[in-house]
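Here my numbering = 1-based position in the sequence shown + 504. All C-beta atoms in this analysis are idealised placements derived from N, C-alpha and C, irrespective of residue type, glycine included. Have a look at the structure below, then the notes.
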Amino acid sequence: MSNTTAMLAALKWLRNRNADGVFDRNQVLTAGGERAPVMRATWSKLEKAGLVELYLDRRRVRVTSQGMLVNLSKIEESQES
């Protein structure tokens with residue numbers, strides 16, 4: 505699977521907020537005190553790509569070591585639309 509710009513922007517958003525977050529009851533990720541402007545499906549795609557892992561009954565997500573190695577210097581993090 506090829507990583508889309510949206511996936512990489514979401515990954516950068518999470519990495520910029522301690523690389524770890526929790527899903528609320530509406531399945532919106534919160535990390536570093538902020539709600540992610542990213543849909544749950546994007547996190548699932550990142551998990552399939554091995555860039556994040558879901559843990560604690562799939563309620564939390566964190567960037568994997570592989571996800572930390574991705575060069576995101578030319579990627580803008582996800583923004584609210």
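Could you check the C-alpha separation between E581 and D561 for me, to the nearest Å?
-> Counted from its first residue, the sequence shown places residue 581 at position 77. Counted from its first residue, the sequence shown places residue 561 at position 57. Each residue's alpha carbon lies about 27 Å from the other.
Output yes or no for whether 9 Å exceeds the beta carbon distance between L576 and L515.
-> Along the sequence shown, read from residue 1 onward, the residue named residue 576 stands at position 72. Along the sequence shown, read from residue 1 onward, the residue named residue 515 stands at position 11. Going by C-beta atoms, L576 is nearer than 9 Å to L515.
With distances taken Cα to Cα, identify the nearest neighbour of F527 among M511, L555, S548 and M572.
-> Position 23 of the sequence shown, counted from the start, is the residue given in the question as residue 527. Ranking M511, L555, S548 and M572 by CA distance to the CA of F527 puts S548 first.
Rounded to a whole number of angstroms, what is the C-alpha to C-alpha distance between M511 and R529?
-> Residue 511 sits at position 7 when you count from the first residue of the sequence shown. Residue 529 sits at position 25 when you count from the first residue of the sequence shown. Annotation: M511 to R529 spans about 22 Å, alpha carbon to alpha carbon.
Beta bridge counterpart(s) of L533 as assigned by DSSP = Position 29 of the sequence shown holds residue 533. Among the bridge pairs identified by DSSP, L533 is matched with F527.
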